[in-house]
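Below: one structure, written as C-alpha cells.
Residue numbers (my numbering): 92 to 568.
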C-alpha cells in the first residue's frame, strides 16, 4: 500500500486565463448591410470555441497530473531475481503471479536456496555483482550486509507507516542509521512448549515465572534407580544438547536488564548462573540425553523452549504427540502494566543496493507484506506443512491470537527483543552469530562444569564480544 509521493504536496495552482472581449466600433445600420447581426453571430460562435479550449486544457492537465501522481506500483518495471530460503516455489508462486498480472512490466524469478553455507554464498554473489535483487536474511544480519542493503523508499512505505504496521522489534532490527532496510513477511520468537499428557497426568499448570518453572522442572523430572533421567522437566543448563540455548540465554539476560554488548556485572552473572543450575545443581538435564527437540518429540520432556518453527521437527518425529505452547516465563515485575519480554528470531526480505530493479523490488515486497498477501501466504504455507508463519503486522494479531502454537508468540510480540546471540542462522564460521555464540558457549560450559565462576567466564565473553562487534562497526557503549 504505497503512500502518495511527496510530489503530491508540490502542486502549483494553474489559473486558466479568462479571455477578454474584443473592442468594436458602434455599427452603422443600413437596410442593405445588417452589421449588428454579423457581430452578434461572431460573439455567439466564439463562446463554444473558448469552452472547447478550456475543456481540452483541463483534459491535458488531468492526463499530466495522473501520470505524475499515479502510484509507484503502476510505473514499476524490471527483472527481479528473489533468493528465498524457507518457502517452496508452490507457496510463493501464486502471489508472484498475481503481482505480475497487475504489473506487466515486472518479471519475478524465485530461487529456493539451501540453508547450508547460505550466508557465505549470498555474500559472495553480491560481492561479484551478480545479485540477487531480493534476498532473505536473518533479522540479526544487518551489520553483515549493511553495504548491500538498499534503503526502503518513502514512496513505497514511510517510516511512520512502517512503525505502525510492524512490531517494535522489527522496526528496531531492520533500521540502519535513518533508513529501513528490510520488509518481513513472517515472524517468530521463543515460546514455551508444553507436553499436555505429562501436565494432565501430574495435574500441574504451566509456569508464568522462572522460579515456578525451576520448581516444576524438578517435580516433573523422573530418574531410574541408577539416577539416569528417564523424563526431564525442562531442557536447560548445557549447550551440547539444548537446542536454541543461545536464544534462551540471551532472553534470560535481557529480562534481567543486561546489556549484551558488555555482559558483565551482577545481572549478567545471575542470568548465566541461573541457566546452568538446571544441569549443575538441579540435575534435570545432562549431556547423556538426546537433543531437547528429540526428547520433547519422544514424549520424554515436559517443557521445551524454542521458536514455533520447531513444530516441523516435532511433527516429523512424532505426529501423535499432544502439545501446545504458552507464553515465555517472566521475571517478577514492578507493575502489572509492564510488557512481557520474549526473544525474536525471524527471517526477512531485503533489496540489493545495486539492483537495476530496486523500485520494483521494494514495491513487490510491500505487496507481499500487505494483509491480504500475508493471509494468502499463510494459507499456502499451511497447505504444504500444516502451519504457516506468524504475521509480522500489528493489525493482524487478532487473527492468530487463539492459535494453539502461534498464539503465545503473537501475545508477547509487542515486547519482543533480539540480539546477535541466536541459533540456527547458518551464518558460517565467520558470521556474527557464530562468533558471538562461541564465546557465550564456552562460558556456559565452563560454569556448568565448575571450571570458572560466572564472573571469570563473562570477562572473557565481554572481551570477545567487543572484538566481534568492532569488526562490524558496532559500539559497545
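The beta-carbon is built from N, C-alpha and C at its ideal position, and this holds for glycine as well.
Here the structure is a predicted model, which is why all the values come from computation and not from measurement.
For residue 476, collect the residues of the same chain with a Cβ closer than 7 Å to its Cβ; drop the 5 residues on either side in sequence, then sort them by chain order. By 1-based counting over the chain shown, the position of residue 476 is 385. Cβ within range, chain order: 403.
Through-space distance from residue 552 to residue 527, alpha-carbon basis: One-based indexing of the chain shown puts residue 527 at position 436. One-based indexing of the chain shown puts residue 552 at position 461. Cα-Cα distance, rounded: 8 Å.
In chain order, what residues of the same chain lie with their CB nearer than 6 Å to the CB of residue 391, ignoring the 5 residues before and after it? As a first step, residue 391 is located in the chain shown; it is residue number 300 there, counting from the start. Cβ neighbours of residue 391 beyond the five flanking positions: 322.
Counting pairs of Cβ atoms below 8 Å between the segment 412-423 and the segment 480-490, do you hit three or more? no
Would you list, in sequence order, the uninterrupted beta strand (DSSP E) runs of no fewer than 3 residues that lie entirely inside the segment 165-209? 169-175, 197-203
For residue 487, the three-state DSSP class (helix, strand or coil): As a working note, residue 487 is residue 396 in the chain shown. Residue 487 falls in the helix class under three-state DSSP.
When the Cα of residue 385 is compared with those of 333, 249, 510, which residue comes out closest? Within the chain shown, the letter at position 294 stands for residue 385. Among 333, 249, 510, the Cα nearest to that of residue 385 belongs to 333.
Secondary structure at residue 438, three-state DSSP: helix, strand or coil? Residue numbering aside, residue 438 sits at position 347 when the chain shown is read from its first letter. Strand at residue 438.
Going by beta-carbon coordinates alone, are residue 197 and residue 174 separated by less than 8 Å? For this step, residue 197 is matched to residue 106 along the chain shown. For this step, residue 174 is matched to residue 83 along the chain shown. Cβ distance not < 8 Å, so residue 197 and residue 174 don't count as in contact.
Three or more beta-carbon pairs under 8 Å between the segment 292-299 and the segment 518-533, yes or no? no
Which term fits residue 149, buried or exposed, when burial requires 16 or more other beta carbons within 10 angstroms of its beta carbon? In the chain shown, counting from the first residue as 1, residue 149 sits at position 58. Exposed.
Within the segment 393-461, ranges of the alpha helix (DSSP H) (whole runs, at least 4 residues): 402-408, 449-459
In chain order, what residues of the same chain lie with their CB nearer than 6 Å to the CB of residue 256, ignoring the 5 residues before and after it? Here residue 256 refers to the residue found at position 165 of the chain shown. Cβ within range, chain order: 484.
Whole angstroms are fine: how far does the CA of residue 177 sit from the CA of residue 629? Residue 629 is absent from the model: the chain starts at 92 and stops at 568.
Quick check on residue 474: does DSSP put it in helix, strand or coil? Start at 1 with the first residue of the chain shown, and residue 474 comes out as number 383. Three-state result, residue 474: helix.
Reduced DSSP category for residue 469 - H, G, I as helix; E, B as strand; rest coil: For the purposes of this step, residue 469 is taken as the residue at position 378 of the chain shown. Note: residue 469 maps to helix in three-state DSSP.
Contact defined as beta carbons within less than 8 Å: I believe residue 458 pairs with residue 190. What is the distance between those atoms, to the nearest angstrom? Position 367 of the chain shown, counted from the start, is the residue given in the question as residue 458. Position 99 of the chain shown, counted from the start, is the residue given in the question as residue 190. About 5 Å separates the two Cβ atoms, so the contact holds.
Spatial distance of residue 473 from residue 479 (CA atoms): Locating residue 473 in the chain shown gives position 382, where the first residue counts as 1. Locating residue 479 in the chain shown gives position 388, where the first residue counts as 1. Distance between the alpha carbons of residue 473 and residue 479: 5 Å.
Report all residues from its chain with a CB closer than 7 Å to the CB of residue 560; omit the five preceding and five following residues, and keep chain order. Locating residue 560 in the chain shown gives position 469, where the first residue counts as 1. 352, 567.
Is residue 276 closer than 8 Å to residue 465 when the C-beta atoms are compared? Start at 1 with the first residue of the chain shown, and residue 465 comes out as number 374. Start at 1 with the first residue of the chain shown, and residue 276 comes out as number 185. Yes, these two residues count as a Cβ contact at 8 Å.
Please say whether residue 432 and residue 345 have beta carbons closer to each other than 8 Å? Within the chain shown, residue 345 is the residue found at index 254, counting from 1. Within the chain shown, residue 432 is the residue found at index 341, counting from 1. In contact: residue 345 and residue 432 (Cβ atoms closer than 8 Å).
Take residue 366 as the anchor and find which of 343, 335, 405, 282 has the nearest alpha-carbon. If you number the chain shown from 1, residue 366 lands on position 275. If we check each option's Cα against that of residue 366, 343 comes out closest.
Inter-residue Cα distance where the pair is residue 327 and residue 258: Indexing the chain shown from 1 puts residue 327 at position 236. Indexing the chain shown from 1 puts residue 258 at position 167. Straight-line Cα distance between these residues: approximately 28 Å.
So what does DSSP say about residue 253, is it helix, strand or coil? Position 162 of the chain shown, counted from the first residue, corresponds to residue 253. If DSSP states are grouped into helix, strand and coil, residue 253 belongs with the helices.
Round the Cβ separation of residue 284 and residue 394 to the nearest angstrom and send it over; I've been treating them as touching at under 8 Å. Here residue 284 corresponds to residue number 193 of the chain shown, with the count starting at 1. Here residue 394 corresponds to residue number 303 of the chain shown, with the count starting at 1. Yes, they are in contact, since the Cβ atoms of residue 284 and residue 394 sit about 7 Å apart, within 8 Å.
Within 10 angstroms of its Cβ, does residue 220 collect 16 or more other Cβ (buried), or is it exposed? Here the question's residue 220 lines up with position 129 in the chain shown. Classification of residue 220: exposed, given that the 10 Å Cβ count is below 16.
Close Cβ partners of residue 184 (< 8 Å) along its chain, the five nearest in sequence each way excluded: Sequence index remark: in the chain shown, residue 184 carries index 93 (1-based). Closer than 8 Å at Cβ, skipping near neighbours: 201.
Residues in its own chain within less than 7 Å of residue 347 by CB, not counting five upstream and five downstream? Counting from one through the chain shown, the residue named residue 347 turns up at place 256. Excluding positions up to five away in sequence, the list reads 358, 361, 362, 422.
May I have the straight-line CA-CA distance separating residue 448 from residue 338, to the nearest angstrom? Within the chain shown, the letter at position 357 stands for residue 448. Within the chain shown, the letter at position 247 stands for residue 338. For residue 448 and residue 338, the distance between alpha carbons rounds to 36 Å.
Output yes or no for whether 8 Å exceeds the beta carbon distance between residue 549 and residue 354. Position 458 of the chain shown holds residue 549. Position 263 of the chain shown holds residue 354. Taking 8 Å as the Cβ cut-off, residue 549 and residue 354 qualify as a contacting pair.
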